[in-house]
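Okay, so here's the structure we're looking at.
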Amino acid sequence: MAVAVLPTSIHAAPLPLHNSFPTLQPFLGLQQKPLNRDTLLTTSLEHSSVSFFRQNDRVTANFDLEVSRLNLSWQQPVTDDLLLSVDLPVVSYSSGAFDSLINGYHSAFGFPENGRDLRPDNQFLYQFEYLGQPLVQANNGKYYFADARIAVDWLFSADSQWALGLIAEAPLSSGRHGVSNGHWDFAISMAYQQQDIKPRSELWLDNLLNIAQLTSFHWKAGWYLPGDWKGSQQTLAAKNNFQIAAGASVPLDSNWQLVLDVLAQQSPFETTGIRELDSASVTVAAGMQWQADQSNLLSIHFVEDLNTAASADIGLIVGWQKTF
């Protein structure tokens with residue numbers, strides 16, 4: 576029986592998962608990247624929906640909006656063991672057009688509406704206030720450059736499976752737009768990605784019968800040091816936080832594979848008094864990757880929150896990775 580093998584340069588790449596919830600978007604967040612010694616151009620486009628209504632005597636956080644995020648990333652090997660990557664995201668908050676579709680999805684599966692059903696469809700609301708003063712002056716449908724990310728990864732194992740990373744994020748926008756905190760953020764991370772290649776059959780049933788031998792795993796964890804959020808009329812204190820992501824890739828045939836990733840993040844805030852903003856958020860993504868040819872990998876995946884904390888209700892992310 577014919578057996579095909581995925582090339583190492585695009586084998587088991589993690590999904591471009593990112594938490595774009597409005598109170599987390601301004602801060603440096605964990606993103607997994609391929610750990611290989613290739614030059615890579617990666618593009619991801621995310622569109623997610625947020626419906627969240629909470630307030631107390633200090634903080635008001637009311638969001639009914641959709642988030643669009645385009646991220647361009649370039650990864651370049653500097654030496655045999657060092658990788659340099661630069662990310663440039665563009666973010667927009669808008670009223671969107673999918674409220675009725677999402678309401679139907681929640682109703683069909685019995686998911687909670689969290690107040691979404693009490694709002695008019697596709698009407699923009701971004702209200703984030705601290706001590707009665709707004710942090711953000713959000714503009715419906717306007718695009719802003721978010722913070723630029725620069726990362727260096729040291730591949731300290733010969734097989735490229737382990738990496739130690741240093742990450743810095745530089746503000747390209749004011750904190751009053753809601754896509755940046757207006758300060759530099761930093762992080763240190765450790766990552767693992769299984770790189771050994773196992774033969775894959777062209778028949779999905781053969782792969783299913785050998786799923787334990789063919790499944791590849793990846794994870795990344797980091798300690799993040801954000802700056803305070805300098806908003807339009809107030810500054811909200813931030814704290815260091817821990818973030819971790821883990822996932823697995825399961826081949827269907829020699830070109831298609833299923834990928835599952837889970838992202839967990841501690842809150843970046845000292846305290847807001849709102850449980851959902853002060854608690855850790857958990858986001859899950861499930862999707863498909865298709866190896867179009869030796870150098871192109873395309874992905875599509877759905878995103879869902881697991882604990883109704885600071886995470887988008889539902890989202891869709893498509894990605895393209897080009898190996899040079």
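End of the sequence shown sits at 899 in my numbering; the numbers just go up one at a time, nothing left out. Here a beta-carbon is modelled for each residue, glycine too, at the ideal position from N, C-alpha and C.
Open item on the list: Need the endpoints of the alpha helix (DSSP H) that Glu851 sits in, please.
Closed with: Counting along the chain, the alpha helix (DSSP H) containing Glu851 begins and ends at Arg850 to Asp853.
Task: Residue of Ala588, Phe638 and Ser749 minimising C-alpha distance to Asn697 - done: With distances taken between Cα atoms, Asn697 lies closest to Phe638.
- [ ] Please report the residue range of the beta strand (DSSP E) in which Trp729 lies.
- [x] Trp729 -> beta strand (DSSP E) spans Ala723 to Leu730.
TODO: Give the straight-line distance between the Cα atoms of Glu851 and Arg644, rounded to the nearest whole angstrom.
DONE: Cα to Cα, the separation comes out at about 23 Å.
Task: Within 9 Å, strictly: CB atoms of Phe817 and Trp831 - done: Between Phe817 and Trp831, the gap from beta carbon to beta carbon reaches 9 Å or more.
TODO: Name the residue from Gln896, Ala683, Leu833 and Val642 whose alpha carbon lies nearest to the alpha carbon of Thr714.
DONE: Residue 714 is actually Asn in this sequence, not Thr. Among Gln896, Ala683, Leu833 and Val642, the Cα nearest to that of Asn714 belongs to Val642.
TODO: Mind checking which residues open and close the beta strand (DSSP E) that includes Phe628?
DONE: For Phe628, the enclosing beta strand (DSSP E) stretches over residues Leu615 to Gln630.
- [ ] May I ask you to report which of helix, strand or coil DSSP gives Gly750?
- [x] Gly750 falls in the helix class under three-state DSSP.
Open item on the list: Do Ile892 and Ala860 have their beta-carbon atoms positioned less than 9 Å apart in this structure?
Closed with: With contacts defined by Cβ atoms closer than 9 Å, Ala860 and Ile892 form a contacting pair.
Open item on the list: Given a cut-off of 9 Å on the beta-carbon distance, is the pair Tyr668 and Tyr705 in contact?
Closed with: The Cβ-Cβ distance between Tyr668 and Tyr705 does not fall below 9 Å.
Open item on the list: At a threshold of 8 Å, does Trp737 count as lining the ligand NAP (C-beta to nearest heavy atom)?
Closed with: Ligands in the displayed structure: none, and consequently the ligand NAP is not present.
Task: Environment of Leu592 [buried if 16+ CB atoms lie within 10 Å] - done: By the 10 Å Cβ count, Leu592 comes out buried.
Open item on the list: To the nearest angstrom, how far is the alpha carbon of Gln808 from that of Asn756?
Closed with: C-alpha separation (whole angstroms): 13 Å.
TODO: Specify whether the region 729-748 and the region 837-855 touch according to this definition: at least 3 beta carbon pairs, one from each stretch, less than 8 Å apart.
DONE: Segments in contact, no.
- [ ] Quick one: give me the first and last residue of the beta strand (DSSP E) that His793 is part of.
- [x] Segment Ser791 to Leu800, the beta strand (DSSP E) holding His793.
- [ ] For my contact list, Tyr767 and Trp729 are in at a C-beta cut-off of 8 Å; report their separation, rounded to the angstrom.
- [x] Contact flag wrong, Cβ pair sits at about 13 Å.
Task: Separation of Ala745 from Ala724, as counted between CA atoms - done: Per the sequence shown, residue 724 should be read as Arg rather than Ala. Rounded to whole angstroms, Arg724 to Ala745 spans 6 Å at the Cα level.
TODO: Just grab the DSSP bridge partners of Asn816 for me.
DONE: Secondary-structure assignment with DSSP links Asn816 through a beta bridge to Tyr799.
Open item on the list: Taking only three categories from DSSP, how would you classify Gln788?
Closed with: Of the three classes helix, strand and coil, the one that applies to Gln788 here is helix, per DSSP.
TODO: Would you mind giving the Cβ-Cβ distance between Asn594 and Leu838, rounded to the nearest angstrom? I have them listed as a contact below 8 Å.
DONE: About 6 Å; that satisfies the 8 Å criterion.
- [ ] State the start and end residues of the unbroken beta strand (DSSP E) segment that holds Pro695.
- [x] It is not in any beta strand (DSSP E) - Pro695 carries neither H nor E in the DSSP assignment.
- [ ] Measure how close the beta-carbons of Asp655 and Arg612 come, nearest whole angstrom, since I'm counting them as under 8 Å.
- [x] Contact flag correct, Cβ pair sits at about 7 Å.
Task: Close Cβ partners of Met765 (< 8 Å) along its chain, the five nearest in sequence each way excluded - done: The residues are Trp737, Ala738, Leu739, Gly740, Lys795, Ala796 and Gly797.
Task: Integer-rounded CB distance, given that Asn882 should sit under 8 Å from Ser856 - done: So it is a contact: roughly 7 Å between Cβ atoms.
- [ ] Go ahead and label Trp804 buried or exposed: buried means 16 or more other beta carbons lie within 10 angstroms of its beta carbon, across all protein chains shown.
- [x] It counts as buried.
Task: Of the residues Phe627, Leu663, Val634 and Ala636, the one placed nearest Leu620, counting alpha carbons only - done: By alpha-carbon distance to Leu620, the top candidate from Phe627, Leu663, Val634 and Ala636 is Leu663.
Open item on the list: Between the alpha carbons of Pro601 and Gly750, how many angstroms are there, rounded?
Closed with: Pro601 and Gly750 have their C-alpha atoms some 7 Å from each other.
TODO: Name the residue from Pro709, Ser626 and Leu657 whose alpha carbon lies nearest to the alpha carbon of Gly671.
DONE: Restricting attention to Pro709, Ser626 and Leu657, the CA atom closest to the CA of Gly671 is found in Ser626.
Task: Straight-line gap, Leu616 to Gln712 (C-alpha atoms, nearest Å) - done: Whole-angstrom Cα-Cα distance: 33 Å.
Task: Three-state secondary structure assigned by DSSP to Ala683 - done: Here Ala683 sits in helix by DSSP.
TODO: Report the three-state DSSP secondary structure of Lys741 (helix, strand or coil).
DONE: A quick correction: the sequence has Leu, not Lys, at residue 741. The answer is strand: DSSP assigns Leu741 an E or B state.
Task: Per-residue DSSP class, three states only, for Leu663 - done: Assigned with DSSP and collapsed to three states, Leu663 falls in strand.
TODO: Name the one or two DSSP bridge partners that Asp760 has.
DONE: Paired residue(s): Glu744.
Open item on the list: As a quick exercise: from Ile849, Ala867 and Ala733, pick the residue whose alpha carbon is nearest that of Thr598.
Closed with: In terms of Cα proximity to Thr598, the closest of Ile849, Ala867 and Ala733 is Ile849.
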